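All residue numbers for the sequence shown refer to this note's numbering, where the first residue is 2 and numbers rise by one.
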Amino acid sequence: MEALPECFLCVLRDMEKFEKDVTGVVASFREKRRVLTEAVSRSLGIPPPSDFSLPQSVFENESPKPPPRVAAALTGLVGNVIRSFVGAETLCQAVDACAGGGGTDDLALLLRVGADIDALVEGKNVLMRGVCSASLPAVEMLVEEGANLETEGEEGTDKGFTALVYACDKSHPEMVKFLVSRGQDTGHTPLSYAAYKGPLGIFEFLLSKGADVGKSVFEGTTVLHQAASGNQREIAEMILDRGLVNDVNVRNDALETPFLWTACHGIRDHMTRDSDAVADLLIARGADVHARNRGGNPFFIMQR
């Protein structure tokens with residue numbers, strides 16, 4: 002028997018998966034329709050139709066609008082019903098599809114029917130997922146639909162991250178500008194990650210929007226430490242030139258100077274690296290090459 006081309010099998014497998022997904026969506030929408038039809042029927046004092054199709058007269062005879070508070074309560078109840086069928090994982094999958102070039106139609110549909118926009122999946126909400134996927138159209142749509150900009154993640158070393166911190170960590174300038182334009186707090190943490198990851202444009206933009214350079218992410222660490230660790234020479238040079246950090250030998254709580262941080266782990270990945278470009282700059286600006294941290298370790302020890 003002649004073997005089938007691999008591409009035929011791939012297409013068949015994808016078709017079967019698509020059919021299964023479509024069938025699941027149809028079943029889900031039918032159930033939503035049933036629940037909502039029964040709710041409307043009860044409110045109108047009529048028995049729910051067996052085929053869940055309300056009489057046309059119901060739609061033609063517009064009833065008086067309920068008071069705003071009642072309407073809001075009803076909307077909330079309907080939203081709760083719909084959210085019970087459309088989970089945050091489904092919404093995240095739609096964002097991933099959008100990032101993969103699949104368009105925003107699926108995402109728009111899920112948002113329209115009231116999917117839970119702020120629930121966390123694997124430590125991230127759907128807005129953070131969109132940022133990490135570099136899908137600006139998805140992020141714009143989510144924010145316009147009311148996604149909470151200040152929700153914090155709960156995933157491992159990313160605990161406490163907001164969407165803006167992720168945008169800085171992923172070095173997405175347009176994403177950063179959009180989130181800030183919609184009112185996300187620049188704070189000090191996004192600035193710190195911008196100093197570490199670059200580029201210079203993001204760092205300068207956050208400063209122009211009021212990010213507090215005087216604060217640190219943790220334990221006395223300055224933006225100069227982070228620029229040193231990330232080997233961001235342009236950013237380190239700007240920090241020194243503008244006097245954002247006055248002392249090139251400023252120490253954090255562990256008595257580590259920015260020069261020592263050119264040889265040690267970064268704030269994000271805890272990986273050892275050499276930041277030669279920034280090290281040369283700091284030495285030229287008067288860095289103490291013999292500095293030691295609280296444990297008495299000099300530069301060459303921290304390189305190991």
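In this text, a Cβ means the ideal position worked out from N, Cα and C, and glycines have one as well.
Remember, predicted model here, so these are calculated numbers, not experimental data.
Same chain, Cβ closer than 8 Å to K18, neighbours up to 5 away in sequence not counted
Nothing meets the Cβ criterion.
Span separating the alpha-carbon of R305 from that of G296
Summary for R305: the model assigns pLDDT 46, below 50, so the residue's position carries little reliability, and this model does not support an answer.
Report yes if the C-beta distance between C169 and V177 is below 8 Å; otherwise report no.
Their beta carbons are under 8 Å apart, which means C169 touches V177 by this criterion.
With 16 other CB atoms within 10 Å as the buried threshold, where does M16 fall?
Per the 10 Å Cβ criterion, exposed.
Verify whether the separation of the beta carbon atoms of N250 and T258 is less than 8 Å.
Yes; because the gap between Cβ atoms is below 8 Å, this pair is in contact.
Sorted by chain position, which residues of the same chain lie with C-beta nearer than 7 Å to L282's C-beta, five sequence neighbours on each side aside?
These residues qualify, in order along the chain: R234, A237, E238.
By Cβ distance below 6 Å, which residues in the same chain neighbour V246 in space, the five residues on each side in sequence not counted?
Same-chain partners within the cutoff: T223, L225, I240.
Counting along the chain, where does the alpha helix (DSSP H) carrying H226 start and finish?
Per DSSP, the continuous alpha helix (DSSP H) segment holding H226 begins and ends at 224-230.
Relative to the C-alpha of G147, which residue among R286, R35, D119 is closest?
When only C-alpha atoms are compared, the closest one is D119.
Mark I203 as exposed unless 16 or more other C-beta atoms lie within 10 angstroms of its C-beta, in which case mark it buried.
For I203, the number of other beta carbons within 10 angstroms of its own is at least 16, and it is reported as buried.
So K125 is in the alpha helix (DSSP H); what residue range does that whole segment cover?
It is not in any alpha helix (DSSP H) - K125 carries neither H nor E in the DSSP assignment.
Whose C-alpha, out of D22, L10, N232, D248, is nearest the C-alpha of D107?
Nearest C-alpha to D107: D22.
So, with DSSP's three-state summary, where would you put K21?
In the structure shown, K21 sits in a helix (DSSP, three-state: H, G or I).
Of the choices D248, E220, D97, whose alpha-carbon is the least far from that of D254?
Closest by C-alpha distance to D254, out of D248, E220, D97, is E220.
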